[in-house]
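Take a look at the structure below.
There are 2 protein chains.
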Amino acid sequence: MGRVTLDARQLNTYFVLTEAVSLLQHHVEQQLRDEGGLSAVQFQLLARLAHAPGALTMTELADGVVYSRSGLTYQAGLLEKAGLIERGPSPGDERAVQVAITDKGRDLVARVLPGHAEGVRDMLFASLADADVETLGTIMTRVRDHMRALPPRSAAPRKKRSE
Amino acid sequence: MGRVTLDARQLNTYFVLTEAVSLLQHHVEQQLRDEGGLSAVQFQLLARLAHAPGALTMTELADGVVYSRSGLTYQAGLLEKAGLIERGPSPGDERAVQVAITDKGRDLVARVLPGHAEGVRDMLFASLADADVETLGTIMTRVRDHMRALPPRSAAPRKKRSE
DNA sequence: AGCAAGTTATTCAAATTCGAAGCAACTATC
DNA sequence: GATAGTTGCTTCGAATTTGAATAACTTGCT
């Protein structure tokens, strides 16, 4: 193999992508902390639960947010103590834990969301045309789907192998 | 409510962008750890120093990587102990610290880089056409520049206000 | 010069994060 | 229907990360 790596354009795209997202996350973190006393992870968890049709298991939640399971246990403990979520047994599977958002949790999300959305708009979308937003979404969806389909290296769902 | 926030398309783009980058970072983290015994942050720091024309101050380095200053002090301590970087006084400013990469550090970056590049290619670029890579780079560059130009909320370089 | 305000880096305590290990429950295979 | 392997979650210890407080230095203003 003639060892192909990354050309200059790819390298630049990679760097600027991670840099921009880091900056974005940093600002989001600040804002959420100031406005709702939430970390970005906590907000992500609540938002995902608020969006979900029903309750989710810990694993589903962790996978969705790209987070370690033990880390989720810790955060779920905090959120439950704060009365924002509830954990309960899973009907089908006795060892699984169902996580659901409470009314108080929904209220908090609703209270924090406008400011969050505004921040994201100012940071991320202010400099982009509608067409750019769509293009970006399309490209990143393809990337996301590709990565999700790859053989898991760590925390993704396991497949059994035939020997 | 008149309150314009984010439309569905923007929301989707925002979510998929952060999700994809999280997945990417997660994979990168794994790979660097396995191959070079480096965390992603450490690699970023070394890579940036290797790229820089000369030495950088702690602040420049932290700002470049979007990282807290105290966190950088900690990591710089580790990297210096490992002989990968060197810290020294700054000529002009007596309180600043210049950070420079050592030959050993350069060697390590050179050793880890190919595998890193290969991983990024497989993750991020495998599903993208050349045109997409360029488009993505252009869009994210605009976003990055816009965010860098915004009034700092925390750790960005301060500008004096002429009121 | 002299003082107030701002910058730079480090130290410190507290919070968060992760992986490995452990435990309980499920599933397949015999 | 036992038993070995797998899966879901938590606990545990170690490493990392952060903001606040601190110390050293620089700059601007009078």
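Each protein sequence line maps, in turn, to chains Z and E.
For the first sequence, numbering that gives the first Met the number 0 assigns the number 162 to the last residue and increments by one with no breaks.
For the second sequence, numbering that gives the first Met the number 0 assigns the number 162 to the last residue and increments by one with no breaks.
For glycine and all other residues, C-beta sits at the position ideal for the given N, C-alpha and C.
- The stretch 60-74 of chain E and the stretch 39-47 of chain E touch, with three or more beta-carbon pairs separated by less than 8 Å.
- When secondary structure is reduced to three states using DSSP, Gly35 of chain E falls in the helix class.
- According to the DSSP secondary-structure assignment, Gln97 of chain Z is paired through a beta bridge with Z:Thr56 and Z:Gly87.
- Around Thr134 of chain Z, the beta-carbon contacts reaching into chain E at under 8 Å are Thr134 and Ile138.
- At a cut-off of 9 Å between beta-carbon atoms, Gln41 of chain Z makes no contact with chain E.
- Under the 9 Å criterion on CB atoms, Thr58 of chain E is classed as non-interfacial with respect to chain Z.
- In this structure, Ala39 of chain Z lies near Val27 of chain Z, with their beta-carbon atoms less than 9 Å apart.
- The C-beta distance from Ala54 of chain Z to Val108 of chain Z rounds to 16 Å, too long to fall under 8 Å, and the pair is not in contact.
- Distance from the CA of Gly82 of chain Z to the CA of Ala49 of chain Z, rounded to the nearest whole angstrom, comes to 14 Å.
- Residue contact with chain E for Ser126 of chain Z: present (Cβ-Cβ distance below 9 Å to some residue of chain E).
- When DSSP states are grouped into helix, strand and coil, Ala49 of chain E belongs to the helix group.
- For the pair of segments examined, the stretch 134-153 of chain Z was found to touch the stretch 121-139 of chain E: the number of CB pairs separated by less than 8 Å reaches three.
- For Asp102 of chain E, the enclosing alpha helix (DSSP H) has its first and last residue at Asp102 to Val119.
- Val142 of chain E carries a helical assignment under DSSP once its states are collapsed to helix, strand and coil.
- The criterion of a C-beta distance shorter than 9 Å is not satisfied by Glu133 of chain Z and Thr4 of chain E.
- Any Cβ of chain E closer than 9 Å to the Cβ of Ser21 of chain Z would place that residue at the interface, and such an atom is present.
- Going by C-alpha positions, Asp129 of chain Z is about 46 Å away from Arg94 of chain Z.
- One Cα belongs to Gly63 of chain Z, the other to Ala51 of chain Z, and the distance between them is close to 11 Å.
- Val111 of chain E and Glu34 of chain E do touch by the CB rule: their CB atoms are close to 6 Å apart, below 8 Å.
- Approximately 16 Å separates the beta-carbon atoms of His115 of chain E and Leu22 of chain E; this is outside 8 Å, ruling out the contact.
- Proximity of Val111 of chain Z to chain E, defined by a Cβ-Cβ separation below 9 Å, is not satisfied.
- Using a Cβ-Cβ cut-off of 9 Å, Tyr73 of chain Z does not count as an interface residue toward chain E, since no Cβ of chain E sits closer than that to its own.
- In this structure Leu77 of chain E is exposed. Its beta-carbon is surrounded by fewer than 16 other beta-carbon atoms within 10 angstroms.
- Here the alpha carbon of Arg105 of chain Z sits roughly 12 Å from the alpha carbon of Glu85 of chain Z.
- Distance from the CA atom of Gln24 of chain Z to the CA atom of Thr12 of chain Z, rounded to whole angstroms, is 18 Å.
- Arg143 of chain Z is not a Cβ neighbour of Gly136 of chain E, given a cutoff of 9 Å.
- Annotation: Tyr66 of chain E is outside any alpha helix (DSSP H) and is labelled neither H nor E by DSSP.
- Rounded to the nearest whole angstrom, the C-alpha separation of Ser67 of chain Z and Val15 of chain Z is 26 Å.
- Separation of the CB atoms of Ile138 of chain Z and Asp6 of chain E is rounded to 19 Å, and the pair is thereby denied contact status at 8 Å.
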